[in-house]
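Asks: Numbering (this note's numbering), first residue to last: 1310 to 1405. The beta-carbon is built from N, C-alpha and C at its ideal position, and this holds for glycine as well. Below is the structure I would like to discuss, written out as structure tokens.
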Ligand SMILES: [Zn+2]
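What follows is the structure in structure tokens.
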């Protein structure tokens, strides 16, 4: 669940990531095609490699920078639409 940048409501964002990392020994020559092949990222394998922070980085990269609803459903957003003005309701009361 992300926060809509327009109405601050919750936006459901289904996240599914598939990443392939190529572990390289420290000092080992990195593959030349690393820059061309986007399906694999080469990383240096260290004894204390933090898998949790690797996963965290991948998730953060996959999230939209400014999440928002395609159409916001907040009361504020719909009040500005046609026919929902509070003044229209007042005018209706005056008639009776
Ligand atoms: Zn919204």
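Cβ-heavy atom distance between residue 1315 and ligand 1 below 8 Å?
Replies: Within the chain shown, residue 1315 is the residue found at index 6, counting from 1. It does: the Cβ of residue 1315 is within 8 Å (strictly closer) of some heavy atom of ligand 1.
Asks: Beta carbon of residue 1367: closer than 8 Å to some heavy atom of ligand 1?
Replies: Along the chain shown, read from residue 1 onward, the residue named residue 1367 stands at position 58. Checking every heavy atom of ligand 1 against the Cβ of residue 1367, none is found closer than 8 Å.
Asks: Residues in its own chain within less than 7 Å of residue 1321 by CB, not counting five upstream and five downstream?
Replies: Here residue 1321 refers to the residue found at position 12 when the chain shown is read from its first residue. Excluding sequence neighbours, residue 1321 sits near 1310.
Asks: I need the straight-line Cα distance from residue 1327 to residue 1371, nearest angstrom please.
Replies: Numbered from its first residue, the chain shown carries residue 1327 at position 18. Numbered from its first residue, the chain shown carries residue 1371 at position 62. Residue 1327 and residue 1371: Cα-Cα distance of roughly 10 Å.
Asks: Would the beta-carbon of residue 1337 be found less than 8 Å away from any heavy atom of ligand 1?
Replies: In the chain shown, counting from the first residue as 1, residue 1337 sits at position 28. Checking every heavy atom of ligand 1 against the Cβ of residue 1337, none is found closer than 8 Å.
Asks: Just to confirm my understanding: we take residue 1314, look at its own chain, exclude 5 residues before and 5 after, and list those with CB closer than 8 Å. What are they?
Replies: Numbered from its first residue, the chain shown carries residue 1314 at position 5. Within its own chain, the residues whose Cβ lies closer than 8 Å to the Cβ of residue 1314, once the five positions on either side in sequence are excluded, are 1375, 1376 and 1377, listed in chain order.
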